[in-house]
C-alpha cells in the first residue's frame, strides 16, 4: 500500500506554480516534481534502519527549470545522442539543435526535462502527461506522452507511453543519479555493480556508437559478475562508463529482463533494475565537476553517482541494424522499468558457489521429526548469504514465525517465501531443515 500526497509549490522569480508529489510505502519514499517529471528524492533505509536520500538533486527547486545535467528528469523525445543532430524518415531529413559536441542529446535545448507536466493521481502513484507539438525541437509529429510512477512496497515502477500522428523517433528514460551511500557522498568507488548483458556498443570520440555490437566477454565491459567500481574505473580507458549495454536484439520479441544490480556493502543498500527496454546506458557521472549546489549543500564531483538509463540503443534512428526507434501513427510506445530497493545485513557476504541459482531448484529433503535446525539463507546482490541458524521444534518454529506475520511451510521441504524484517524490507529467502 502506498500513500500519495500532492503539494503545490512556487518556483523561480516568477513564482511559477508547479506540483510536488510524494509516494510513501513502509520502507521507501519518493518525491516527484512536475518540472521534467523529475525524481527529486528517494529515501530508503540502510541495514541499521537509518533512511537517506540516495539520488542527486538541487538544493533549490528553481534549478530544475534549467537542470543542465538532467538530475532525475525524464528525457525525450529521444534520450541519448543522435549523430550530428540529424536523421532521415521517408526521404526527408530532419535537423535538430546541436547541444553536445557535434551531436544532439536528450531531446534538444528544451526537451521533456524542461517541460512542466500535467499530473493526476492514480492507484499507488502519479501519472504525468505532456504534449509535444509537431516540429518541437525539430522532431516531426504531434506526440502525446505520459509517464506513470507507482510505488509498491520497495519497488518503484515507471511506465512510459506515447502516441503520434506522424512517424517520429521516440526513446524515453529517467536520468536519476544514484549513490547508495547517500547523496553527497563524494564517490561510488565502493559500490559493486552487475549488468546482465552479453554485448555493449563501442563509441567514437564524440560518444556515438560505431555501429559494432561487441561481446563483453574478456573485456573491461564484462559486468556479468559483481565488479567493484573503483577498481574497474581505474582500469577503464577514458573518464568512465557512458555506454549502452544490449539487453535484447533486433528480431527478438520485447521482453522484460533483470538488467542490473548495484550493492553498497557499507550500508547494505541494494538496487535492482528490470526493464522491457532493449538497452541500459550505464553512466558513472563522468561530466560532473562539483560546480552544482546540491541538496544539503553537497557538491557533486566526477564519479559521485551512477545512472542506469533504460532505453533504446543510442543513435538507433541512424543505425538500421539497431532496434527500431520509430513510432508510427496508430502504434503505442509502451515500456516499463522497475527499481527495487533492499538491504543485506553483513559487510562481507558469505559466498557459496555450490548453492543453486534459484531457491526453487533445491531438491526435496527428507522429513525431520522432533527438533530440527533451520538454516535461513537470503539471496542478495552479491551471492548467497547465510543469515542465521535456529534450533526449534516444529511447533516453536511455526509459532515464532507466525508471530511475525510470516508464512511457514511443512517440514521436510525446501521452502521459499518473502521475509519481512523490522524495516519492512522484502527478501527472497529459503528455509532448509538440516540435521
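Residue numbers (our numbering): 251 to 685. Glycine included, each C-beta is placed from N, C-alpha and C at the ideal position.
#1: Mapping the DSSP letters down to three states, classify residue 351 as helix, strand or coil.
#2: Whose C-alpha, out of 297, 530, 328, 533, is nearest the C-alpha of residue 592?
#3: Is the segment 273-282 close to the segment 396-414, with three or more CB pairs under 8 Å?
#4: If you pair each beta-carbon of the segment 466-481 with each one of the segment 435-453, do three or more pairs fall below 8 Å?
#5: Any chance the segment 325-344 sits against the segment 287-306, with 3 or more Cβ pairs inside 8 Å?
#6: Look up residue 544 in the DSSP assignment and give the residues it is bridged to.
#7: In whole angstroms, what separates the C-alpha of residue 501 from that of residue 256?
#8: Sort 467, 542, 458, 575 by Cα distance to residue 449 and report the nearest one.
#9: Roughly how many angstroms separate the alpha carbons of residue 647 and residue 539, rounded to a whole number?
#10: Can you give me the start and stop residues for the alpha helix (DSSP H) that residue 483 sits inside?
#11: For the beta strand (DSSP E) holding residue 445, just list the boundary residues, first then last.
#12: Below 8 Å on the Cβ atoms is my contact criterion, and I expect residue 490 with residue 536 to pass it. Report the Cβ-Cβ distance as a whole number of Å.
#13: Taking the CB atoms as reference points, tell me whether residue 391 and residue 423 lie closer together than 8 Å.
#14: Figure out for me which residue from 333, 530, 372 has the closest Cα to the Cα of residue 557.
#15: Decide if the segment 313-320 is in contact with the segment 353-365; the criterion is three or more beta carbon pairs, one per stretch, under 8 Å apart.
#16: In the structure shown, what three-state DSSP assignment does residue 529 receive?
#17: Say whether the segment 365-376 touches the segment 345-352, bearing in mind that this needs 3 or more beta-carbon pairs closer than 8 Å, one atom from each stretch.
#18: Measuring CB to CB, does residue 582 end up less than 8 Å from residue 411?
#19: Taking only the alpha-carbon atoms, compute the straight-line gap between residue 435 and residue 584 and give it to the nearest angstrom.
#20: Using the Cβ count rule (16 or more neighbours within 10 Å means buried), how would you classify residue 300?
#21: Answer yes or no: do residue 420 and residue 577 have a C-beta to C-beta separation smaller than 8 Å?
#22: Helix, strand or coil: how does DSSP classify residue 253 here?
#23: Hey, residue 542 and residue 405: beta-carbon distance below 8 Å or not?
#24: With DSSP as the reference, label residue 652 as helix, strand or coil.
#25: The ligand ADP heavy atoms versus the CB of residue 547: any closer than 7 Å?
#26: Between 302, 321, 304, which lies nearest to residue 239 when the distance is taken from Cα to Cα?
#27: Should residue 515 be labelled buried (16 or more other beta-carbon atoms within 10 Å of its own) or exposed?
#28: Keeping to the same chain, check which residues put their C-beta closer than 7 Å to that of residue 337; ignore five residues upstream and five downstream.
#29: How about residue 483: is its C-beta nearer than 8 Å to some C-beta of chain C?
#30: Specify the secondary structure class of residue 314 as computed by DSSP and reduced to three states.
#31: Beta-carbon within less than 8 Å of residue 544's beta-carbon, same chain only, minus the 5 sequence neighbours each way: which residues are those?
#32: Tell me which residue opens and which closes the beta strand (DSSP E) that residue 460 is part of.
#33: Are residue 520 and residue 443 close, meaning C-beta to C-beta below 8 Å?
#34: For the putative contact between residue 269 and residue 279, defined by C-beta atoms under 8 Å, what is the C-beta separation to the nearest angstrom?
#35: Would residue 302 be called buried (16 or more neighbouring beta carbons within 10 Å of its own) or exposed?
#36: Are residue 459 and residue 470 close, meaning C-beta to C-beta below 8 Å?
Result, derived from the coordinates:
#1: Position 101 of the chain shown, counted from the start, is the residue given in the question as residue 351. Residue state, collapsed to three classes: coil.
#2: Residue 592 sits at position 342 when you count from the first residue of the chain shown. The option with the nearest alpha carbon to residue 592 is 297.
#3: yes
#4: Yes, since at least three Cβ pairs between the segment 466-481 and the segment 435-453 fall closer than 8 Å, the two stretches touch.
#5: no
#6: As a first step, residue 544 must be located in the chain shown, where it is residue number 294. DSSP, once it has assigned bridges, lists 308 as partnering residue 544.
#7: Taking the chain shown and counting its residues from 1, one reaches residue 501 at position 251. Taking the chain shown and counting its residues from 1, one reaches residue 256 at position 6. Each residue's alpha carbon lies about 43 Å from the other.
#8: Here the question's residue 449 lines up with position 199 in the chain shown. Among 467, 542, 458, 575, the Cα nearest to that of residue 449 belongs to 467.
#9: The count along the chain shown starts at 1 and reaches residue 647 at position 397. The count along the chain shown starts at 1 and reaches residue 539 at position 289. With a pLDDT of only 41 at residue 647, under the threshold of 50, the placement of this residue in the model should not be trusted, and no figure is reported.
#10: The residue labelled residue 483 in the question sits at position 233 within the chain shown. Run containing residue 483: 479-485, per the alpha helix (DSSP H) assignment.
#11: Taking the first residue of the chain shown as position 1, residue 445 is located at position 195. 442-445 is the span of the beta strand (DSSP E), which, as asked, contains residue 445.
#12: Looking up residue 490 in the chain shown gives position 240. Looking up residue 536 in the chain shown gives position 286. Taking the Cβ atoms as the reference, residue 490 lies roughly 4 Å from residue 536, within the contact range of under 8 Å.
#13: The residue labelled residue 391 in the question sits at position 141 within the chain shown. The residue labelled residue 423 in the question sits at position 173 within the chain shown. Contact flag unset, no.
#14: Mapped onto the chain shown, residue 557 falls at position 307. Checking every option, the nearest Cα to that of residue 557 belongs to 530.
#15: yes
#16: The count along the chain shown starts at 1 and reaches residue 529 at position 279. If DSSP states are grouped into helix, strand and coil, residue 529 belongs with the strands.
#17: no
#18: Here residue 582 corresponds to residue number 332 of the chain shown, with the count starting at 1. Here residue 411 corresponds to residue number 161 of the chain shown, with the count starting at 1. The answer is yes: Cβ separation under 8 Å.
#19: Locating residue 435 in the chain shown gives position 185, where the first residue counts as 1. Locating residue 584 in the chain shown gives position 334, where the first residue counts as 1. Using only the alpha carbons, I get a separation of about 35 Å.
#20: Locating residue 300 in the chain shown gives position 50, where the first residue counts as 1. It counts as exposed.
#21: Walking along the chain shown from the start, residue 420 turns up at place 170. Walking along the chain shown from the start, residue 577 turns up at place 327. Yes, these two residues count as a Cβ contact at 8 Å.
#22: Within the chain shown, the letter at position 3 stands for residue 253. Residue 253: strand per DSSP, three-state reduction.
#23: Within the chain shown, the letter at position 292 stands for residue 542. Within the chain shown, the letter at position 155 stands for residue 405. Taking 8 Å as the cut-off, the beta carbon of residue 542 is found no closer than this to the beta carbon of residue 405.
#24: Walking along the chain shown from the start, residue 652 turns up at place 402. Any answer about residue 652 is weak, because its pLDDT of 43 lies below 50 and its placement is not dependable; what the coordinates show is given next. Helix.
#25: The ligand ADP is not among the ligands present in this structure, which contains no ligands whatsoever.
#26: Any question about residue 239 goes unanswered here, given that the chain covers just 251 to 685.
#27: Taking the chain shown and counting its residues from 1, one reaches residue 515 at position 265. Taking all protein chains shown into account, residue 515 has 16 or more neighbouring C-beta atoms within 10 Å of its C-beta and is therefore buried.
#28: As a working note, residue 337 is residue 87 in the chain shown. If we look at residue 337 and ignore the five residues flanking it on each side, its Cβ neighbours are 344, 419, 567, 568.
#29: The displayed structure is made up of one protein chain only, and chain C is not part of it.
#30: Your numbering for residue 314 matches position 64 in the chain shown. Helix.
#31: In the chain shown, the residue the question calls residue 544 occupies position 294. Contacts found: 306, 307, 308, 309, 433, 434, 550.
#32: Residue mapping note: residue 460 aligns to position 210 of the chain shown, counting from 1. From DSSP, residue 460 is part of no beta strand (DSSP E); its letter is neither H nor E.
#33: Residue mapping note: residue 520 aligns to position 270 of the chain shown, counting from 1. Residue mapping note: residue 443 aligns to position 193 of the chain shown, counting from 1. For residue 520 and residue 443, no; Cβs fall outside 8 Å.
#34: For this step, residue 269 is matched to residue 19 along the chain shown. For this step, residue 279 is matched to residue 29 along the chain shown. 17 Å between Cβ atoms; not a contact.
#35: In the chain shown, the residue the question calls residue 302 occupies position 52. The residue in question, residue 302, is buried, as its Cβ has 16 or more Cβ neighbours within 10 Å.
#36: Taking the chain shown and counting its residues from 1, one reaches residue 459 at position 209. Taking the chain shown and counting its residues from 1, one reaches residue 470 at position 220. No.
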